[in-house]
Amino acid sequence: MSKVKFNVVQTTGTFKNEKGEAKNRYQQVGVVFENEEGHLSMKLNSYPLPNEKGQVWINLFPHESNTETTEKSKRDA
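Going letter by letter, the sequence shown gives residues 124 to 200 in this note's numbering.
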């Protein structure tokens, strides 16, 4: 059974938080799955758009269900 490992996101812009700090705004465009053999596959739910230079940059963030496991692993190390 495959399990979601990462959220696939693209930076779509910036905004200022209540402290006036610049922060990135993200749009989730898909997920990365890991199968029983450890192979990773990416499923895109939408097409990421290129920036003004024609480049497409994608970020991978741990999926929420993995965050708790990752934090526990850090504490146990």
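Just so it is clear, CB atoms sit at the ideal spot from N, CA and C, and this is done for glycine as well.
For Ser188, three-class secondary structure by DSSP: helix
CB Val155 to CB Phe129, shorter than 8 Å? yes
Bridge partners of Val127, per DSSP? Phe156
Measure the Cβ-Cβ separation of Glu175 and Lys126 and say whether it is below 8 Å. no
What's the gap between the Cα of Gly161 and the Cα of Val131? 18 Å
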